[in-house]
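Enquirer: Let me begin by handing over the structure; questions about it come next.
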Amino acid sequence: KAGVTQTPRYLIKTRGQQVTLSCSPISGHRSVSWYQQTPGQGLQFLFEYFSETQRNKGNFPGRFSGRQFSNSRSEMNVSTLELGDSALYLCASSLLGVGTGELFFGEGSRLTVL
Amino acid sequence: DQQVKQNSPSLSVQEGRISILNCDYTNSMFDYFLWYKKYPAEGPTFLISISSIKDKNEDGRFTVFLNKSAKHLSLHIVPSQPGDSAVYFCAAANYGQNFVFGPGTRLSVLP
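Read top to bottom, the protein sequences are chains A and B. Count the first sequence with this note's numbering and you get residues 2 to 115, in order. Count the second sequence with this note's numbering and you get residues 279 to 389, in order.
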């Protein structure tokens, strides 16, 4: 079956702009979670959506937001970009939700903020 | 405040030998643990998990050990192969809550 698909894979933005990233989970998975990966910091949890509702949220500022559609596809938006937002953004899908079993990750969207 | 620590940023092992990757956590509420492997330009892939009711779980060449009293887990890879060269992340959760990931350990298996 098809895996988790993230688009775009690479993008370059300038400070102050906003960006939207997309994630299509594995068919049948209702949970989509988002992570930021920066060198030396591992994967930092951003938020989780389950059946179109935000269920868990990490410690990121309000500039980071997301949503989930009825087909379980999810988008993540970052407004007023800062240089420190440069990172690999990963989404993961799971059947029952974070903390309940294996997470299936996409290949990530690498964001560079200039 | 890192709740999940992987104190070795990198590890080099000879092919055929054992690789031991370590992970420590501080939150005693964590009861479910996973290991992920990540190659460059790819997303992390699941390796093996363990819940707090067990102290060992095996899957082929991979074994995870959990020491709850020490809040420590380790991943053993035997025998190590060059294809195992990757970054390994451990992750911990209070079941049903979000996973907390460690910073990763880069494993290099030398032929």
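Glycine included, C-beta positions come from ideal geometry on N, C-alpha and C.
So what's A/L84 in DSSP terms, helix, strand or just coil?
Expert: Residue mapping note: residue 84 of chain A aligns to position 83 of the first sequence, counting from 1. Here A/L84 sits in helix by DSSP.
Enquirer: Hey, quick one: how far does the beta strand (DSSP E) through A/Q7 stretch, first residue to last?
Expert: For the purposes of this step, residue 7 of chain A is taken as the residue at position 6 of the first sequence. Residues 6-8.
Enquirer: Consider the Cβ of B/S327: report whether some Cβ of chain A lies at a distance smaller than 8 Å.
Expert: Mapped onto the second sequence, residue 327 of chain B falls at position 49. Yes, because at least one Cβ of chain A sits closer than 8 Å to the Cβ of B/S327.
Enquirer: Consult DSSP for A/G67 and reduce its assignment to one of helix, strand or coil.
Expert: On the first sequence, residue 67 of chain A is found 66 positions in, with the first residue counted as 1. In this structure, DSSP gives A/G67 an extended state, which the three-state scheme calls strand.
Enquirer: Using beta carbons (cut-off 8 Å, strictly below), is A/S32 in contact with chain B?
Expert: Numbered from its first residue, the first sequence carries residue 32 of chain A at position 31. It does not; no Cβ of chain B falls within 8 Å.
Enquirer: In terms of DSSP beta bridges, what is A/G43 paired with?
Expert: Residue numbering aside, residue 43 of chain A sits at position 42 when the first sequence is read from its first letter. According to DSSP, A/G43 bridges with A/T39.
Enquirer: For B/S288, which residues from the same chain have a beta carbon less than 6 Å from its beta carbon, with the 5 sequence-adjacent residues on both sides left out?
Expert: Stepping through the second sequence from its first residue, residue 288 of chain B is reached at position 10. In its chain, beyond the 5 residues on either side, R384 have a beta carbon closer than 6 Å to the beta carbon of B/S288.
Enquirer: With distances taken between CB atoms, is the gap from A/G17 to A/F48 smaller than 8 Å?
Expert: Locating residue 17 of chain A in the first sequence gives position 16, counting from the first residue. Locating residue 48 of chain A in the first sequence gives position 47, counting from the first residue. No, the pair does not count as a contact, with Cβ atoms beyond the cut-off.
Enquirer: Which ranges does the beta strand (DSSP E) cover as unbroken runs of at least 3 residues, wholly within the stretch 293-350 of chain B, from first to last along the chain?
Expert: 297-303, 310-316, 323-329, 334-337, 340-345
Enquirer: Run through the DSSP bridge pairs and tell me what A/N78 is partnered with.
Expert: Numbered from 1 along the first sequence, position 77 holds the residue referred to as residue 78 of chain A. In the DSSP output, where bridge partners are listed per residue, A/N78 has A/T21, A/S66.
Enquirer: Measuring CB to CB, does A/L104 end up less than 8 Å from A/Q38?
Expert: Here residue 104 of chain A corresponds to residue number 103 of the first sequence, with the count starting at 1. Here residue 38 of chain A corresponds to residue number 37 of the first sequence, with the count starting at 1. Contact flag unset, no.
Enquirer: Ends of the beta strand (DSSP E) at B/L388?
Expert: The sequence position of residue 388 of chain B within the second sequence is 110, counting from 1. Boundaries of the beta strand (DSSP E) around B/L388: 383-388.
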